[in-house]
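Chemist: Below you'll find the structure I mean.
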Amino acid sequence: MVETVEGVAKNLEAVRTRIGELSAKCGIKEPRLVAVSKLQPDQLIVDAHAAGQKCFGENYVKELVGKAPGLPADIEWHFIGMLQSNKAKTLVSGVPNLAVVESVHSAKTASALEKACVGAGRTQKLKVMIQVLTSGEESKSGCDPEECTVIAQHIKDDCPLLELVGLMTIGKFGDPNPEPYFQVLKQCRARVAQSLGIAEDALELSMGMSGDYDKAIAAGSTSVRVGTSIFGLRPPKSS
Ligand SMILES: *Cc1c(COP(=O)(O)O)cnc(C)c1O
45 MVETVEGVAK NLEAVRTRIG ELSAKCGIKE PRLVAVSKLQ PDQLIVDAHA
95 AGQKCFGENY VKELVGKAPG LPADIEWHFI GMLQSNKAKT LVSGVPNLAV
145 VESVHSAKTA SALEKACVGA GRTQKLKVMI QVLTSGEESK SGCDPEECTV
195 IAQHIKDDCP LLELVGLMTI GKFGDPNPEP YFQVLKQCRA RVAQSLGIAE
245 DALELSMGMS GDYDKAIAAG STSVRVGTSI FGLRPPKSS
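Our numbering puts the first residue of the sequence shown at 45, with every later residue one more than the last.
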């Protein structure tokens with residue numbers, strides 16, 4: 045996995061091919077591929093974009109707000125990192141082509157995003173997903189599975205500039221069997237759909253990373269977030 049123009053295009057191609065094969069085998073619609081570019085040099089994003097990639101995922105508000113204006117405007121940015129409420133405004137106003145915030149983990153975060161959208165004069169709804177902590181690990185973010193219906197109702201009732209489009213989970217890092225975490229996310233989706241009175245397939249399942257996207261696709265993922273397999277190992281975070 046070399047971090048060169050050719051390397052990125054080749055890796056991307058390999059991941060796309062694999063996703064295509066897996067979803068064909070499972071008889072499901074191909075999930076979206078979000079290329080996770082956090083901490084990677086801008087040039088690699090430019091290279092992936094030149095190779096046809098439109099969706100990119102980022103974890104840090106400061107980093108994304110710094111790099112987004114200098115990168116192609118047709119990129120659809122997915123924010124997938126821990127979002128503190130006091131950073132919502134910076135994120136929304138600093139990234140006009142912010143497509144989805146996948147990491148809404150509380151009603152408070154949703155309200156902060158709503159307020160930020162009003163403040164930024166956004167007329168188009170901002171798509172959001174509820175991040176669920178499916179592994180119970182203290183170190184990861186996400187809401188308790190029991191809380192997802194309340195957060196979903198809050199978004200529907202009190203956040204007119206937000207549109208709930210799905211649920212997201214990380215699972216458990218390094219666990220060779222991520223299946224239980226994917227199942228918890230699916231159960232959350234079923235409960236949210238029922239409580240909102242909408243069809244389950246109106247809500248996406250964002251699950252699957254470099255190490256487990258094959259299993260996530262088999263479990264019904266509609267959006268996979270792949271970093272390392274496309275861009276290579278990440279440089280360390282300097283903070
Ligand atoms: C970093 C990150 C990814 C990508 O992980 P890889 O293992 O590099 O594919 C996906 N999702 C989230 C939430 C992340 O923080």
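Where a beta carbon is used, it is the ideal one built from N, C-alpha and C, also for glycine.
(1) Ligand 1 and residue 183: does the residue's C-beta get closer than 6 Å to at least one heavy atom of that ligand?
(2) Starting from the C-beta of residue 203, find all residues in its chain whose C-beta is less than 6 Å away, skip the five residues before and the five after it, and write them out in chain order.
(3) Could you name the residues that DSSP lists as bridge partners for residue 172?
(4) CB of residue 103 to nearest heavy atom of ligand 1: below 6 Å?
(5) Locate the beta strand (DSSP E) running through residue 187, then write down its first and last residues.
(6) Between the Cα of residue 119 and the Cα atoms of 131, 97, 60, which residue gives the shortest distance?
(7) Determine which residues share a DSSP beta bridge with residue 79 and list them.
(8) Kindly examine ligand 3 and report whether one of its heavy atoms sits closer than 6 Å to the Cβ of residue 254.
(9) Given a threshold of 16 other Cβ atoms within 10 Å of its Cβ, counted over all protein chains shown, does residue 56 qualify as buried or as exposed?
(10) Alpha carbon to alpha carbon, how far is residue 116 from residue 90?
(11) Pick helix, strand or coil for residue 249, following the three-state DSSP scheme.
(12) Is any heavy atom in ligand 1 found nearer than 6 Å to the beta carbon of residue 172?
Modeler: Looking at the coordinates:
(1) no
(2) 154, 158
(3) 145, 208
(4) yes
(5) Taken as a continuous stretch (DSSP letters only), residue 187 belongs to no beta strand (DSSP E), as it is neither H nor E.
(6) 97
(7) 100, 270
(8) Absent from the structure shown: ligand 3. Ligands present: ligand 1.
(9) buried
(10) 8 Å
(11) strand
(12) no
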